[in-house]
Amino acid sequence: MVGKTIAAKSVGGRGKPKSTAVSRSSKAGLQFPVGRIARFLKKGRYAERVGSGSPVYLSAVLEYLAAEVLELAGNAARDNKKNRIIPRHIQLAVMNDVELGKLLGSVTIANGGVLPKIHQALLPEKTSVGKGKGEIGSVSQEF
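In short: position in the sequence shown from 1, add 281, done, that's the numbering used here.
Right under this line is the structure:
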């Protein structure tokens with residue numbers, strides 16, 4: 282059988298055969314470490330007791346948020362014709378997304394810069410070109 286590992290029998294034939302350790306992250310199908318987050322939840326003294334499902338759920342949420350930010354930052358990097366994600370791309374990705382902007386609105390990203398925006402009052406007014414109107418400063422142009 283290719284791909285399967287067969288565990289060796291225990292000594293003396295008593296008890297169950299030894300099996301390899303499987304992490305809780307791999308059981309849940311996650312990349313983020315469930316055991317480490319469980320340890321942080323316990324040592325952080327957020328509650329007297331920590332259930333077995335809470336670190337799995339928190340790991341899944343953190344993994345989703347990280348994947349979302351990385352995907353949007355990768356798109357921002359590609360828009361700027363870059364191969365690497367820099368803090369500026371993360372800033373642009375977070376602030377251009379509605380939900381992430383609300384979640385991380387008060388967060389300062391180092392070397393992130395600001396969003397490009399010019400206030401409407403600072404933009405020059407658009408004037409319509411009309412021949413019947415006497416515009417100031419345009420007298421010398423009409424001959």
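Every residue, glycine too, gets a C-beta built ideally from N, C-alpha and C. If you're wondering where the values come from, they're calculated on a predicted model, not measured in any experiment.
For Ala391, the closest of Gln401, Ile371 and His400 by C-alpha to C-alpha distance is Ile371. Straight-line spacing of the CA atoms in Ser304 and Val315 works out to 8 Å. In the DSSP annotation of this structure, the continuous segment of the alpha helix (DSSP H) that includes Leu351 starts and ends at Ser335 to Asp360. Counting other Cβ atoms within 10 Å of its Cβ, Leu384 stays below 16 and is therefore classed as exposed. Closest in alpha carbon position to Ile318, among Ser387, Ser300, Leu339 and Ala347, is Leu339.
Of the residues Leu343, Val375, Glu380 and Gly393, the one whose Cα lies closest to the Cα of Ile367 is Gly393. Val303: not part of any alpha helix (DSSP H); DSSP gives it neither H nor E. Taking Ala347 as the centre and dropping the five residues before and after it, the same chain places the C-beta of Phe313 closer than 8 Å to its C-beta, in chain order.
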